[in-house]
Each structure stands twice: as C-alpha cells, then as structure tokens.
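There are 2 protein chains.
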Amino acid sequence: MTSSTEYAVRLSDVEIARRRIDGLIHRTPVMHSRLFDERAGRSVFFKCENLQRVGAFKMRGAANAVMALDDAAAAKGVLTHSSGNHAQALALAARERGIAAHIVMPENAPAVKRRAVEAYGARVYPCAPTLCARETTARDVQTQTGAAFIHPYDRAEIIAGQGTCVMELLEEVPDLDAVIAPVGGGGLLSGTAIASRALRAATRVFGAEPAGADDAARSLAAGRLIPQEDPRTIADGLLTSLGILTWPIVRDHVEAILTVPDEATIAAMRLVMGRLKIVIEPSAAVAVAAVLDDAFPPPGQIARVGVVLSGGNVDLDHLPW
Amino acid sequence: MTSSTEYAVRLSDVEIARRRIDGLIHRTPVMHSRLFDERAGRSVFFKCENLQRVGAFKMRGAANAVMALDDAAAAKGVLTHSSGNHAQALALAARERGIAAHIVMPENAPAVKRRAVEAYGARVYPCAPTLCARETTARDVQTQTGAAFIHPYDRAEIIAGQGTCVMELLEEVPDLDAVIAPVGGGGLLSGTAIASRALRAATRVFGAEPAGADDAARSLAAGRLIPQEDPRTIADGLLTSLGILTWPIVRDHVEAILTVPDEATIAAMRLVMGRLKIVIEPSAAVAVAAVLDDAFPPPGQIARVGVVLSGGNVDLDHLPW
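Structure, rendered in structure tokens:
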C-alpha cells in the first residue's frame with residue numbers, strides 16, 4: 059500500500075489545515091441510525107458534510123487555500139472556474155478573509171447557482187459552456203486581476219483541507235473498520251486517505267464512484283491515470299477526472315473504488331432522506347449506495363464503516379425519483 | 059399568566075420523565091444557520107425532533123407513558139388509535155419494554171404507515187375511517203386484551219415527556235427570548251410551556267397553528283375550549299383539537315398562538331430543507347413559518363428564538379410544492 063513517491067500532502071499538512079480553518083467551518087455531526095444499520099447489516103456512521111457551510115465539504119479546502127495565501131497574494135483576490143459547490147465555498151472563504159472572489163461559470167449554469175455565488179459577494183464571469191472557454195476566460199480574468207487561481211481539487215491546500223473531515227470523524231468514532239468517500243476529482247478521497255492511513259492504519263479506505271463516470275476505478279485497475287470522457291451520471295459533483303496530485307494518493311492509499319449505477323444512488327438518496335431526515339445530493343448518495351451494494355466487503359470483515367456524506371445541495375423541485 | 063388551577067403536569071413530572079426515558083430517546087441536536095438568521099432578521103435555534111427516533115418528538119411522550127406503567131399493567135400491553143407519529147412511537151416504546159402494542163388505524167391509512175408500525179412489532183387493527191369506528195374498535199381491543207389506552211396527547215405522562223424537549227433546548231441555549239412549538243392536540247405545546255415557564259420565566263412561549271385548523275388560537279381568544287371542526291391544512295399532525303388536560307396549560311402559560319396559511323408553511327418547509335439540509339414535515343414547518351411572519355414580535359423584542367422542529371415524516375414522493 060505504500061510507495062516511495064512524494065505525495066502532495068502529508069498528515070502534518072492536514073493538521074495545519076485544521077488549525078487554519080478552525081472557526082471558519084462547522085464541526086459537522088456524525089449521525090447514526092439503528093434503522094439504517096438494520097438495513098445495512100452493520101454499523102454505519104455518517105459524517106454530515108451536507109450540514110457544512112455552503113452545504114458541502116468543499117468549504118474545508120477552500121477555506122484552507124484562501125487562508126494559506128500570504129497577504130500580498132490574497133490582496134489580489136482568488137479565482138476559479140466552477141458552477142458547483144467549490145464556487146460557493148471559494149466565494150464564502152474569500153468573503154471571510156475580506157478579499158475578492160472571481161468565479162468563471164458556464165452561461166448555462168442554473169440561475170440559482172449564480173445567485174448563490176453572488177450572494178457571497180463574488181463576481182461571476184459567464185463563459186461558453188466548454189472547458190476551453192472556461193480556461194480561456196479564467197486566464198483573462200487572472201491577467202486583469204492577478205487573482206490566485208484555486209483549483210477545485212488538484213492543489214495541496216485543497217486536499218489537506220478536505221482531509222480534516224475524516225480527522226474529525228475518527229476522533230468521534232475511533233474504531234472504524236473502514237471509511238468510504240465519493241470520488242470525482244479526488245480531493246476529498248485523497249485527503250481522506252492521507253489522514254486516515256496516518257491516523258489509523260487499520261481502517262480500510264474505499265472510494266465510491268458512479269458507474270457512468272468511473273475513471274478512478276478504471277485508473278486504479280489499470281495502474282495509470284485514465285481521464286474521464288463523456289461522463290453520464292446524475293451525480294453532478296463527480297463528473298471530473300482525477301488530477302495529477304490526487305491520483306498518486308488514490309493509487310497508493312485507497313484499497314478499492316466501488317462503482318454504483320445511478321438507480322442505486324437514487325434509492326440510497328431516498329433512503330437517507332426518509333430514514334435519517336437529512337437532505338443529501340446524489341454525489342453523497344453514491345457512497346451510501348456503495349456500502350449497501352453486495353460488492354462491499356461483508357459485515358464479518360467490516361462491522362463499522364464511516365461514510366462521508368459529501369454535500370446536500372440538490373434541486374428540491376427536481377428530486378430524481 | 060398564572061392561575062390557581064391544578065395542572066396535569068408540573069416541572070417535577072418533566073424531570074421524572076427525563077430520567078425515565080434517558081437512553082430510549084435521542085438527545086437531538088440544536089441547529090443554527092447564519093443564512094437562515096439573515097433571512098429571519100434574528101437568531102433562530104432549531105431543536106431537531108425530526109432527528110428523534112421514529113422521526114418525531116412523539117417518542118418522548120410515548121416512552122414516558124410506557125415506562126411509567128407498573129409491571130402488572132404493562133404486561134397487558136398498550137393500545138392507541140392513530141395513523142400518525144404517535145402510533146409508531148408507541149409501537150417502538152412498547153418494543154423497548156418488551157410488551158405488546160395494539161394500534162387501531164383507519165383502513166384508508168397509507169400502507170407505508172401501517173408497515174412502519176408493524177415493523178416495530180405492533181399489531182394493527184384496521185377500522186372504518188371515522189372517529190366513532192376508531193373508538194369502538196379501540197374499546198373492543200381493550201376489552202379483549204386489557205391493554206392500557208395511551209392517548210396521543212391528553213395524558214399527563216405524554217405531556218411531561220414532550221416537555222423534556224424544551225428542557226434540553228434551554229440547557230443548550232439558555233438565553234432564549236422566546237420558544238415556539240406547533241400545536242395540534244397540545245401535548246408538545248403544553249409540555250413546552252410547563253417546562254419553559256418553570257425553568258426560565260423570561261422566555262416567552264408561543265404556539266403555531268395552521269390557519270385552516272386554528273382551534274387553539276380561537277380557544278385562546280375566546281377564553282374557552284373550542285373544538286376543531288372540519289380542519290383543512292396540509293399539516294396532517296395538527297388536525298386535532300386541544301384536550302381537557304392540555305387546554306388549561308395552553309390557556310394560562312402560552313402568550314399567543316400564531317396562525318399561518320398553508321402557503322407560508324410550504325415555503326418554510328422548502329426553506330429549511332434547502333438551507334438547513336434537513337427534512338421536516340409540514341407540521342414542523344408551521345412553527346418556522348410563524349417566526350418568519352410579520353405578526354411575530356419584532357427582533358428588537360425577540361432577538362433569539364427557539365423553534366421546535368416537531369418531526370420529519372413526510373412523503374418524499376409528494377412534496378407539497
């Protein structure tokens with residue numbers, strides 16, 4: 059499981075992140091449901107990042123990245139291209155530091171997402187809905203402003219920030235046989251792996267991925283980074299490919315990536331909302347579905363599992379069932 | 059605000075209930091949202107009984123009533139007629155004590171509610187969907203079994219059990235200017251009023267009621283108990299009238315009952331699910347809507363308010379927006 063590779067992040071980076079973002083993020087609750095346990099045939103502990111600020115774990119990494127900037131860099135503001143939770147998180151983190159946030163967003167992004175980012179005081183730059191247009195526009199904004207570009211996952215401070223989540227989980231429930239987190243770009247999963255392996259080596263680390271966007275599972279099987287092309291899933295937070303920094307960590311410290319079809323994700327989302335009475339987004343439900351899947355190691359091997367519920371930002375007008 | 063009347067419940071009964079149900083109920087979290095506060099113009103603290111066992115505060119009163127029975131009475135089981143949260147709570151409380159639960163339920167109750175009660179090991183007795191048929195069937199079951207009838211709200215142990223909720227809330231957030239709870243039969247509101255007035259007299263106590271089932275508001279205005287006829291509201295937990303035991307407490311210890319139209323309830327439910335990422339049922343949203351209403355005392359008078367989110371049992375296939 060180990061390798062001589064130098065990884066982007068070590069446990070000490072996660073510990074520094076934790077101190078840096080203290081007071082800027084919520085210590086989210088860990089939920090546990092006897093009814094859910096009966097269904098799963100084991101004890102399941104849910105780390106509720108859907109109850110995090112901006113409704114997703116992304117606030118951890120964004121806060122760490124923004125607070126890590128030196129004053130001269132920070133004064134020029136921060137920049138990203140995203141229409142998702144990272145955009146809101148970066149906007150809020152920038153507001154907390156009192157600096158500008160510039161968010162490049164495809165012009166077909168839902169108006170509600172644009173308004174959410176603007177409500178945090180960020181400036182939105184609409185662009186054509188292609189990766190090329192996003193990158194070109196971001197480069198233009200950077201040229202004009204000098205703002206620091208904060209990648210949504212492939213950046214050391216982001217990975218370290220996301221790793222603080224499992225650190226809290228393991229403090230509250232130390233004797234977990236396994237933890238599982240969803241994987242898109244791999245910021246959350248790689249941070250989880252680094253912190254979890256270092257803090258409690260006996261805890262097995264799994265990723266969960268939509269079957270229709272399974273680049274991490276295929277990469278792990280092939281032993282090389284395979285980018286995602288044409289992802290098809292309702293888990294809109296997990297469309298991206300692993301990155302240069304996240305891939306080596308996932309490769310060396312994650313035991314397996316479990317893939318689940320969207321139908322199982324939808325059923326898991328409904329189950330959590332119905333039983334735990336909390337709102338989760340499809341990307342979070344992917345990890346829940348993986349634990350309920352027959353491919354997950356049996357309760358005899360894994361009696362106690364921690365699941366990172368990554369976020370709760372879902373369109374309540376269009377629930378997927 | 060006080061009266062020489064002897065009430066069904068005193069603070070000491072709530073304290074006894076608390077010790078009696080310890081370990082049988084969850085100490086539910088108190089949630090707080092900066093975004094919600096901005097919207098409300100004041101600090102709002104949500105006591106999350108939607109995260110209680112069986113998804114509602116009803117577990118508190120049912121557990122207290124079941125555990126208060128002496129062994130001889132308990133051995134004959136417990137009985138109620140209900141299709142709602144009280145039925146599930148009584149079934150679970152009986153299972154915890156290892157005794158039988160008999161639940162009379164209208165034959166047109168949703169199959170999911172019947173299955174939920176049966177999943178806790180209770181026996182369900184279907185009857186015609188009239189109050190008369192429910193009472194006749196319940197009497198028959200009682201004749202056959204000798205089971206103790208546990209009224210859903212008009213019983214001292216039920217009121218005392220529900221009062222434990224605000225006790226926890228005031229421990230966690232002592233300096234509340236007001237608390238508000240929804241009112242149907244008045245078990246929750248009267249328990250809240252008894253405990254809150256005794257523990258912190260400076261905290262004002264309000265009830266919240268659907269405009270289409272406003273018997274408590276009309277009773278308080280008239281100074282006499284006016285039963286609810288033909289209730290029309292989506293808040294299906296608040297259709298009932300105040301009872302013989304709950305009415306005097308509400309009359310003497312609740313400052314005002316605020317009524318809200320269903321549209322405001324639906325908007326509040328959506329707001330809580332969207333912002334706090336927790337699932338609440340319409341009956342809980344009634345109290346949220348009341349705090350957001352212009353009729354609620356201004357922030358200058360009430361800067362910090364506690365809201366009891368009474369439950370989270372909602373049909374996710376038919377959300378009311």
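Quick note, the sequences are listed as chains V and B, same order.
So the number in the numbering used here is just where the residue sits in the first sequence, counting from 1, plus 58.
So the number in the numbering used here is just where the residue sits in the second sequence, counting from 1, plus 58.
Glycine included, every Cβ here is placed at the ideal spot set by N, Cα and C.
Predicted model only: the values in this text are computed from it and were never measured.
Exercise for the section: Have a look at V:I307, V:V263, V:A275, V:A345 and flag the residue whose alpha-carbon is nearest the alpha-carbon of E313 (chain V). Expected result: What you label residue 313 (chain V) is simply residue 255 of the first sequence in a count that begins at 1. It is V:V263 whose Cα lies nearest to the Cα of E313 (chain V).
Exercise for the section: Apply the 10 Å Cβ neighbour rule to S62 (chain B) and answer buried if 16 or more other Cβ atoms are within range, or exposed otherwise. Expected result: Counting from 1 along the second sequence, the entry for residue 62 (chain B) is found at position 4. Note that S62 (chain B) has pLDDT 48, beneath the 50 cutoff, so the model's placement of it is unreliable and no number is given.
Practice task
Quick one: list the residues of chain B neighbouring P87 (chain V), beta-carbon separation under 7 Å, in chain order.
Solution key: On the first sequence, position 29 is the one that residue 87 (chain V) refers to. Those are P87, listed as they occur along chain B.
Handout entry: Residues sharing a beta bridge with M163 (chain B), DSSP
Key = Along the second sequence, read from residue 1 onward, the residue named residue 163 (chain B) stands at position 105. DSSP lists B:P184 as partners of M163 (chain B).
Practice task
Taking only the alpha-carbon atoms, compute the straight-line gap between A191 (chain V) and G221 (chain B) and give it to the nearest angstrom.
Solution key: As a first step, residue 191 (chain V) must be located in the first sequence, where it is residue number 133. As a first step, residue 221 (chain B) must be located in the second sequence, where it is residue number 163. If I take the Cα positions, the gap works out to 59 Å.
Handout entry: Top-ranked residue by Cα proximity to R121 (chain B), from B:A214, B:E165, B:V346, B:Y65
Key = On the second sequence, residue 121 (chain B) is found 63 positions in, with the first residue counted as 1. Here residue 121 (chain B) is Ala; the residue named in the question, Arg, does not match the sequence. With distances taken between Cα atoms, A121 (chain B) lies closest to B:A214.
Practice task
With E64 (chain B) as the anchor, note down where its alpha helix (DSSP H) starts and where it stops.
Solution key: Residue numbering aside, residue 64 (chain B) sits at position 6 when the second sequence is read from its first letter. Premise fails: E64 (chain B) is in no alpha helix (DSSP H) and is neither H nor E.
Practice task
With a 10 Å radius around its C-beta and 16 neighbouring C-beta atoms as the bar for buried, classify D320 (chain B) as buried or exposed.
Solution key: As a position in the second sequence, residue 320 (chain B) is number 262, starting the count at 1. It is buried - the Cβ of D320 (chain B) has at least 16 other Cβ atoms within 10 Å.
Problem - Beta-carbon neighbours of R362 (chain B), restricted to chain V and to distances below 7 Å - result: Counting from 1 along the second sequence, the entry for residue 362 (chain B) is found at position 304. Under the 7 Å cutoff, chain V gives no residues; its nearest Cβ is about 19 Å from R362 (chain B).
Handout entry: DSSP three-state assignment for T86 (chain V), whether helix, strand or coil
Key = The residue labelled residue 86 (chain V) in the question sits at position 28 within the first sequence. Here T86 (chain V) sits in coil by DSSP.
Practice task
Measure the C-alpha to C-alpha separation of E193 (chain V) and S141 (chain V) and round it to an integer number of angstroms.
Solution key: As a first step, residue 193 (chain V) is located in the first sequence; it is residue number 135 there, counting from the start. As a first step, residue 141 (chain V) is located in the first sequence; it is residue number 83 there, counting from the start. Going from the Cα of E193 (chain V) to the Cα of S141 (chain V) covers about 13 Å.
Exercise for the section: Measure the C-alpha to C-alpha separation of N143 (chain V) and R78 (chain V) and round it to an integer number of angstroms. Expected result: Locating residue 143 (chain V) in the first sequence gives position 85, where the first residue counts as 1. Locating residue 78 (chain V) in the first sequence gives position 20, where the first residue counts as 1. Each residue's Cα considered, the two are about 20 Å apart.
Handout entry: Interface residues of chain B facing I336 (chain V) [CB-CB closer than 7 Å]
Key = Indexing the first sequence from 1 puts residue 336 (chain V) at position 278. What I336 (chain V) touches in chain B: K335, I336, V337.
Handout entry: Min CB distance R97 (chain V) to chain B below 9 Å
Key = Residue mapping note: residue 97 (chain V) aligns to position 39 of the first sequence, counting from 1. Not closer than 9 Å to any Cβ of chain B, the Cβ of R97 (chain V) fails to qualify, so no.
Handout entry: Within-9 Å CB hit, D320 (chain V) to chain B
Key = Residue numbering aside, residue 320 (chain V) sits at position 262 when the first sequence is read from its first letter. So no, D320 (chain V) is outside the interface.
Practice task
Please classify T60 (chain B): is it buried, with 16 or more other beta-carbons within 10 angstroms of its beta-carbon, or exposed?
Solution key: On the second sequence, position 2 is the one that residue 60 (chain B) refers to. With a pLDDT of only 45 at T60 (chain B), under the threshold of 50, the placement of this residue in the model should not be trusted; the figure read from the coordinates follows. By the 10 Å Cβ count, T60 (chain B) comes out exposed.
Problem - 9 Å Cβ cutoff, N108 (chain V) in contact with chain B - result: Taking the first sequence and counting its residues from 1, one reaches residue 108 (chain V) at position 50. True, the Cβ-Cβ gap to chain B drops below 9 Å.
Exercise for the section: Mind listing the chain V neighbours of D405 (chain B)? Cutoff is C-beta to C-beta under 8 Å, in chain order. Expected result: Residue numbering for chain B in the displayed model covers 59 to 379; residue 405 (chain B) lies beyond these limits and cannot be assessed.
Problem - Residue from V:P168, V:V175, V:V136 whose Cα sits closest to the Cα of I157 (chain V) - result: One-based indexing of the first sequence puts residue 157 (chain V) at position 99. When only C-alpha atoms are compared, the closest one is V:V136.
Problem - From B:A326, B:G245, B:L296, residue whose alpha carbon lies closest to that of V308 (chain B) - result: Sequence index remark: in the second sequence, residue 308 (chain B) carries index 250 (1-based). Ranking B:A326, B:G245, B:L296 by Cα distance to V308 (chain B) puts B:G245 first.
Problem - Uninterrupted alpha helix (DSSP H) stretches inside the stretch 206-294 of chain V (no shorter than 4 residues) - result: 214-230, 245-257, 273-280
Practice task
Please state if the CB of M117 (chain B) and the CB of I74 (chain B) are separated by a distance shorter than 9 Å.
Solution key: Working through the second sequence from its first residue, we reach residue 74 (chain B) at position 16. Working through the second sequence from its first residue, we reach residue 117 (chain B) at position 59. No.
Exercise for the section: Please state if the CB of I238 (chain V) and the CB of V67 (chain V) are separated by a distance shorter than 9 Å. Expected result: The residue given as residue 67 (chain V) occupies position 9 in the first sequence. The residue given as residue 238 (chain V) occupies position 180 in the first sequence. Contact flag unset, no.
Exercise for the section: Kindly provide the ranges of any beta strand (DSSP E) runs that are 3 or more residues long and lie completely inside the stretch 100-158 of chain V, ordered along the chain. Expected result: 101-106, 136-139
Practice task
State buried or exposed for H376 (chain V), treating a residue as buried only when at least 16 other CB atoms are found within 10 Å of its CB.
Solution key: The residue you call residue 376 (chain V) lines up with position 318 of the first sequence. Exposed.
Problem - Counterpart residues of R315 (chain B) in DSSP-defined beta bridges - result: Here the question's residue 315 (chain B) lines up with position 257 in the second sequence. Going by the sequence as given, residue 315 (chain B) is Ile instead of Arg. DSSP lists B:G265 as partners of I315 (chain B).
Practice task
Work out the CA separation of E176 (chain B) and E226 (chain V) for me, nearest whole Å.
Solution key: Along the first sequence, read from residue 1 onward, the residue named residue 226 (chain V) stands at position 168. Along the second sequence, read from residue 1 onward, the residue named residue 176 (chain B) stands at position 118. Taking the straight line joining both Cα atoms gives about 38 Å.
Exercise for the section: Give, in chain order, every residue of the stretch 298-329 of chain V whose Cβ lies closer than 8 Å to some Cβ of chain D. Expected result: Absence of chain D from the displayed structure is noted, the protein chains being V and B.
Problem - chain V contact residues for G113 (chain B), given Cβ-Cβ distances below 8 Å - result: By one-based count along the second sequence, residue 113 (chain B) stands at place 55. Within chain V, the residues near G113 (chain B) are K335.
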